[in-house]
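Number of protein chains: 2
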Amino acid sequence: MRILIVEDEPKVASFIRRALEEESYAVDVCSDGIQGRDLASEVDYDLIILDLMLPGLPGIDALKAIRDAKVATPILILTARSKVDQRVKGLDAGADDYLTKPFAIEELLARTRALLRRASGDSTGLLQVDDLILNPTNHEVTRGGQRIDLTSKEYALLEYMMRNSGRVLTRPMIAEHVWDLDFDTFTNVIDVYISYLRNKIDRGYDRGLIHTVRGSGYTLKLTDA
Amino acid sequence: MRILIVEDEPKVASFIRRALEEESYAVDVCSDGIQGRDLASEVDYDLIILDLMLPGLPGIDALKAIRDAKVATPILILTARSKVDQRVKGLDAGADDYLTKPFAIEELLARTRALLRRASGDSTGLLQVDDLILNPTNHEVTRGGQRIDLTSKEYALLEYMMRNSGRVLTRPMIAEHVWDLDFDTFTNVIDVYISYLRNKIDRGYDRGLIHTVRGSGYTLKLTDA
DNA sequence: GTCTTCGACGATCAGAATACGCATGGTGAC
DNA sequence: GTCACCATGCGTATTCTGATCGTCGAAGAC
């Protein structure tokens, strides 16, 4: 989740930034409307927090510019308590929400959650090793941008390995996590599925991501130089 | 456009009512939370304005009850300026916006416009995947402009899938959201309803929107190239 | 140190067994 | 009649088995 703050008062900006970063959002700050507008169209933010009282390009114009650029990111505007008119214009210009200064930081966080939840396509939680990417929410797997179709066992195995990439995973560990508890130890299904995965994921790459650790198990990682 | 006001102070209620009626909205007023909750689930409002400081059922509980009743209508809550905590809880409980008393009437109108626009026109409110459009406020579903009639179970399933389009939805997830809690796991109702939906939505299209994810569940999305 | 041998371990394949998803028809409630 | 739900049976993708083949590396010979 990446958030842009457009705010000229350094104190306020860093105050908000810290609060958001504590909630583990990625935060960018810029201090004027022109820069804000440009950043907003270059970077795909999840939320923009925009102070309407800015030097240079007035906030309301920056807001309109962003919306004119077809940026659909939710926008939360900050205004002075007294400027009712400004807020009204802001909402009509396409802001999704506003806060009046001064505000309680807790409130800002709540509004942030609300806006993000509303807009959520939830793309967080991507697993990535080298150019292999796995999206747990839609079970989509790609390598180098190329989609890879996996059966559900193959997928489960790969997800487990990606969540533990770098570690050596023994057969019992894999069995426990990917297969049932009453897993028959005297079978080679795991080897078979590793083989299936290699075919679908590492085939054609001279440096595969799935490595055999003889005598122990398997590991998924970037081949070290 | 029909709006419900839940407000116990007669003066405030009629003040808001008059302002909204001047903007030619249809306005209903009730004075307590229980009645408000019932009305909200009986009538298909476009917006609910809910005072959090009510006698009887506290406003926050009324709010939760309304959301629990699967009412998707945008809700604007009114709170006292000082009660930051209440506002935060309100937003987290599913309110879409709030105003602090006392407020300028002009501001209420602006927020009303913003919420209604959001609910009907663009980002939030209307659910859309490809040319399939679902309007939660009136349960209307169209594909390619063509109206589609759904039974209520079919509708509930589709709405859930559209709200989570792109994600893989497992049978337990679907059961929990669309069926009761005491759902019998050993039946194939879900499969059957998926089949019904496919017949009504994807029939005639060579690229359907409902996809089976073998071994996991189903997902609703645009077929990727 | 290097080469060869040998056994253990891992990879792979094809076919069998299984589980899964889907269509369809039927039942009961309203 | 309509709607929600259930049960059966079928075709097929997926999973698993078992056998064979390949490979790694330790140990001994030189």
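Taken in order, these protein sequences are the chains called A and B.
All you need for our numbering is the position in the first sequence, starting with 1, plus 18.
All you need for our numbering is the position in the second sequence, starting with 1, plus 18.
Glycine residues also receive a C-beta, built at the ideal position from the N, C-alpha and C atoms.
Handout entry: Environment of A:A111 [buried if 16+ CB atoms lie within 10 Å]
Key = buried
Practice task
Give a yes or no on whether the minimum CB-CB distance between A:T230 and chain B is below 9 Å.
Solution key: no
Handout entry: Counted within 10 angstroms of its Cβ, other Cβ atoms place A:V61 as buried (16 or more) or exposed
Key = exposed
Practice task
Taking only the alpha-carbon atoms, compute the straight-line gap between B:D115 and A:L133 and give it to the nearest angstrom.
Solution key: 10 Å
Practice task
Report yes or no: is there a C-beta of chain B within less than 9 Å of the C-beta of A:R129?
Solution key: yes
Handout entry: CB-CB length for A:K88 against A:I166, believed under 8 Å
Key = The pair is not a contact, with the Cβ atoms about 32 Å apart (cut-off 8 Å).
Exercise for the section: Go through its chain and collect everything with a Cβ distance to B:R161's Cβ below 7 Å, but skip five positions before and after it. Expected result: D149, L150, I219
Handout entry: Minimum Cβ-Cβ distance from A:H157 to chain B less than 9 Å
Key = yes
Exercise for the section: Using a Cβ-Cβ cut-off of 9 Å, state whether B:G139 counts as contacting chain A. Expected result: With a pLDDT of 44 at B:G139, under the threshold of 50, the predicted position of this residue should be treated as unreliable, though the coordinate-derived value follows. It does not; no Cβ of chain A falls within 9 Å.
Practice task
Please report how far the alpha carbon of B:R232 lies from the alpha carbon of A:S170, in whole angstroms.
Solution key: 7 Å
Exercise for the section: Tell me, please, which residues DSSP counts as bridged to A:R161. Expected result: A:L150, A:Q164
Practice task
Below 9 Å between beta carbons is the criterion; list the residues of the region 163-177 of chain A that meet it against any residue of chain B, in chain order.
Solution key: R165, T169, S170, K171, Y173, A174
Practice task
Could you tell me the boundaries of the beta strand (DSSP E) in which B:K119 lies?
Solution key: 115-119
Problem - Integer Cβ distance of B:S34 from B:I78, believed to fall under 8 Å - result: Here the sequence assigns Ile to residue 34 of chain B, which means Ser is not the residue at that position. Actually they do not touch by this definition, with Cβ atoms about 20 Å apart.
Problem - Contact under 9 Å by Cβ, A:R216 with A:I228 - result: yes
Exercise for the section: Given a cut-off of 9 Å, decide if A:T237 and A:R185 are closer than it, judged by their beta-carbon atoms. Expected result: yes
Problem - Residue from A:G226, A:L57, A:L65 whose Cα sits closest to the Cα of A:S213 - result: A:G226
Problem - Where A:L70 falls: helix, strand or coil (DSSP) - result: coil
Exercise for the section: Confirm, please, whether the CB-CB distance from A:P154 to A:E177 is below 9 Å. Expected result: yes
Exercise for the section: Could you name the residues of the same chain whose beta carbon sits closer than 6 Å to that of A:I84, not counting the 5 residues immediately before and after it, in chain order? Expected result: R55, A58
Handout entry: Straight-line gap, B:Y211 to B:G163 (C-alpha atoms, nearest Å)
Key = 23 Å
Practice task
Specify the secondary structure class of B:L238 as computed by DSSP and reduced to three states.
Solution key: strand
Handout entry: Where B:V186 meets chain A, residues with beta-carbon distance less than 8 Å
Key = T155, N156, H157
Exercise for the section: State the start and end residues of the unbroken alpha helix (DSSP H) segment that holds A:L175. Expected result: 170-181
Problem - Inter-residue Cα distance where the pair is A:Y43 and A:I21 - result: 7 Å
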